[in-house]
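The structure appears right after this line, and notes come after that.
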Amino acid sequence: MKLAIAATLAASAAAFAPASKTASTSAIKAFEGELGAQPPLGFYDPLGLLDGVGQDRFNRLRSVELKHGRISMLAILGHIVTTAGLRLPGDIDYAGTSFASIPTGLKALDAVPKAGIIQIIAFVGFLELFVMKDVTGEAEFVGDFRNGALDFGWDTFSEEAKLSKRAIELNNGRAAQMGILALMVHEMLPSHDAYVINAIAGAPVDF
């Protein structure tokens, strides 16, 4: 686990390395108007992943970014909710392991029965292969997985409002990716306190 977190940290550090002076000007011109290229960074591609690529490749990377952001937002929410002590009632298996006995954060991976881990992986795989994708071909933009079934009033918004909400989701997802990474790293520090910043600020969280 420590090795995995170290590798993730290395990748994140590389993402925030100073931009190379050889970054393609054509890439900047091609994608600087895309959603997410906004102040204060503007178009930001320090690793040059978009150098010489077309719109299809950009759309693929944007799809991955959105998906990781959505997962990370759910992860942050789950971390906060379980840290607050909220659990499902009853047992997680027939052996009598209660949901209430499952700890928060990375320690939960060791406490959840193996069958439970397998079920989680299978469920996520099912969503990835059959649900969280443009099944019907009706997507208005990359990451639109409504598939003609879910709307929540989206079609009533103006184009400006839609663009704003998509930008908000993208930025919240980016922040959540860094947030859940920070919580994982803090759990592995000697204090094992995911909310160590709260403790430093004088408002410790019982983790």
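So the sequence shown is numbered by our numbering: it starts at 28 and just counts up by one. We treat Cβ as the ideally placed atom computed from N, Cα and C, and that holds for glycine.
Query	Result
Going by DSSP, what residues sit across from Q65 in a beta bridge?	G69
Which of helix, strand or coil does DSSP assign to S53?	helix
Helix, strand or coil for D83 per DSSP?	helix
By how many angstroms is the C-alpha of G229 removed from the C-alpha of K160?	44 angstroms
Give me, in chain order, the residues of the same chain whose beta-carbon lies closer than 7 angstroms to that of S90; leave out the 5 immediate sequence neighbours on both sides.	V169, G170
Give the straight-line distance between the Cα atoms of M211 and L133, rounded to the nearest whole angstrom.	7 angstroms
I'd like to know whether the C-beta atoms of I25 and I103 end up nearer to each other than 8 angstroms.	Residue 25 lies beyond the stretch modelled for the chain, which goes from 28 to 234, so this question has no answer here.
I'd like the list of long-range same chain contacts for A127, defined as Cβ closer than 6 angstroms, with 5 residues on each side in sequence excluded.	R114
Taking three-plus beta-carbon pairs below 8 angstroms as touching, is the segment 59–79 in contact with the segment 182–198?	yes
On the three-state DSSP scale, how would you describe D118?	strand
Have a look at I98, G112, S99, F70 and flag the residue whose alpha-carbon is nearest the alpha-carbon of F85.	F70
Once you ignore the five residues that flank L156 on each side, which residues in its own chain have a CB closer than 8 angstroms to its CB?	none
Who are the Cβ neighbours of H95 in its own chain at under 8 angstroms, not counting the five residues just before and after it?	G200, Q204
With respect to the alpha helix (DSSP H) encompassing G143, which residues constitute its N-terminal and C-terminal limits?	141–153
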